[in-house]
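Student:
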């Protein structure tokens, strides 16, 4: 697996002001799309995904950012969104949604997240995990044992206590709202 370095990012990178010398800590960002979607709904927030990357990387050298999501291949709007994500700094890991007997649709991507976390931990100093599932606790603990710092970002009400207890730092997503929300153009005041 080839990793992206800061210098090999395309010119349209969402990080035009970060140089390798300014950002010495290498960070990998792993985003559970479903967790982020429901957290944003709870906060009444429309996320600006470019600003989200800036916020989560916070001056560190971004090795790679992954976005894990279930997909409905017939949903054109979702397909356009995922294409935009791929063209703007994210590696998208997608799995078809499965209909459950209760009518809900879900795509479980915890194994993919855990495997990527373990693999990429060899190439970074910190992993920022935007998820709340306790299913990732063992993988987070293992990565921390290797000496990699793990920062979990989510809403406390949507995060397993075991995940909070095993990570090095927990960040309440609601505290980042102003840094990651989509900015609305200000209305022009007539002269």
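In the numbering used here, the protein residues as written are 9 to 199.
Positions of the beta carbon are idealized from the N, C-alpha and C atoms, including for glycine.
All values derive from a computational prediction rather than experimental measurement.
(1) Considering only residues of the segment 58-116, which uninterrupted beta strand (DSSP E) runs meet the minimum length of 3 residues and lie entirely inside it, listed in chain order?
(2) What are the uninterrupted segments assigned as alpha helix (DSSP H) that are 4 or more residues long and contained completely in the segment 147-186, given in chain order?
(3) Spell out the partners DSSP gives residue 40 in its beta bridges.
(4) Is it the case that the Cβ atoms of residue 181 and residue 151 are separated by a distance below 7 Å?
(5) Look up residue 188 in the DSSP assignment and give the residues it is bridged to.
(6) Rounded to the nearest angstrom, what separates residue 147 and residue 106 at their Cα positions?
(7) Using the DSSP secondary-structure output, state which residues sit across from residue 119 in a beta bridge.
(8) Report yes or no: do three or more beta-carbon pairs, one from the segment 122-141 and one from the segment 80-92, lie closer than 8 Å?
(9) Can you give me the C-alpha to C-alpha distance between residue 54 and residue 128, rounded to a whole angstrom?
Tutor: Looking at the coordinates:
(1) 69-79, 99-104
(2) 169-174
(3) 76
(4) no
(5) None; residue 188 has no bridge partner.
(6) 25 Å
(7) Bridge partners of residue 119: none, in fact.
(8) no
(9) 29 Å
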